[in-house]
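Before any comments, here is the structure.
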Amino acid sequence: MIRTLTGRDREQAVALWEATGLTRPWNDPRADFQRAIDSPASAVLGWCEDEAVLGTAMVGDDGHRGWVYYVAVAPSRQGQGLGRVLMEACEEWLRQRGAPKIQFMVRTSNEAVVAFYARLGYEAQDCLVLGRRLDA
Ligand SMILES: CC(C)(COP(=O)(O)OP(=O)(O)OC[C@H]1O[C@@H](n2cnc3c(N)ncnc32)[C@H](O)[C@@H]1OP(=O)(O)O)[C@@H](O)C(=O)NCCC(=O)NCCS
Numbered sequence: 169m170i171r172t173l174t175g176r177d178r179e180q181a182v183a184l185w186e187a188t189g190l191t192r193p194w195n196d197p198r199a200d201f202q203r204a205i206d207s208p209a210s211a212v213l214g215w216c217e218d219e220a221v222l223g224t225a226m227v228g229d230d231g232h233r234g235w236v237y238y239v240a241v242a243p244s245r246q247g248q249g250l251g252r253v254l255m256e257a258c259e260e261w262l263r264q265r266g267a268p269k270i271q272f273m274v275r276t277s278n279e280a281v282v283a284f285y286a287r288l289g290y291e292a293q294d295c296l297v298l299g300r301r302l303d304a
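This is the structure:
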């Protein structure tokens with residue numbers, strides 16, 4: 169049921185990200201999807217049933233750590249274990265590439281989701297994420 173998504177899946181993935189509140193005006197989700205599938209160091213994994221994309225997780229290896237973005241499960245299919253399976257697929261994808269650690273950012277406005285990650289064994293890291301845009 170889990171496969172690596174391709175350009176043909178892009179619109180469904182973006183629709184899922186919009187439906188689950190993951191998009192922001194300052195990020196272009198189509199460009200994000202395309203960059204991830206174009207690079208050999210990243211992928212978008214999907215839980216698919218026939219042609220329907222019901223869950224996604226973007227995973228990438230930055231050469232030091234593994235990162236995950238756009239973890240989403242269709243609202244009608246949440247609470248059925250798909251999120252767990254997608255995160256485990258990301259872990260395996262990174263393990264295969266020798267990455268020693270997997271990590272991700274959670275928006276402070278979405279702290280409720282930390283309980284989901286805690287069930288999967290993830291814990292908050294003692295660090296602050298800093299950043300600035302390079303495309304402005
Ligand atoms: C977060 C999300 C991906 C979880 O996917 P899901 O398929 O519903 O989760 P699962 O059914 O695999 O749940 C796995 C475990 O976490 C628990 N869990 C799931 N959501 C939870 C929540 N909100 N609070 C507490 N526990 C939760 C489940 O009970 C389950 O526990 P168990 O395996 O011990 O029974 C999904 O709710 C979603 O798409 N949310 C909107 C998008 C989002 O916020 N993504 C994360 C961005 S950082």
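Going from the sequence shown to this note's numbering is simple: count from 1 and add 168. Just so it is clear, CB atoms sit at the ideal spot from N, CA and C, and this is done for glycine as well. Only a predicted model underlies this, so the values are computations on that prediction, with no experimental measurement involved.
Check, Outcome
"Own chain residues within Cβ distance below 7 Å of A240, not counting five before or after", "L184, W185, T188, L190, G223, T224"
"Element boundaries [beta strand (DSSP E), containing C295]", "Per DSSP, C295 belongs to no beta strand (DSSP E) and is neither H nor E."
"Neighbour-count burial assignment, A280, 16 or more Cβ in a 10 Å radius", "exposed"
"Beta-carbon proximity list for Q271, same chain, < 8 Å, skipping 5 on both sides", "R233, G234, W235, V236, Q293"
"When R178, W194, W215, A242 are compared against D206, the one with the closest alpha-carbon", "R178"
"Beta carbon of G214 nearer than 8 Å to that of R171", "yes"
"Element boundaries [alpha helix (DSSP H), containing A304]", "From DSSP, A304 is part of no alpha helix (DSSP H); its letter is neither H nor E."
"Closest Cα partner of M226 within the set E291, R301, L173, P193", "L173"
"Own chain residues within Cβ distance below 6 Å of P268, not counting five before or after", "none"
"Reference A257, options A220, S210, S244, V274, closest by Cα", "S210"
"D200 burial status per 10 Å Cβ neighbour count (16 or more: buried)", "buried"
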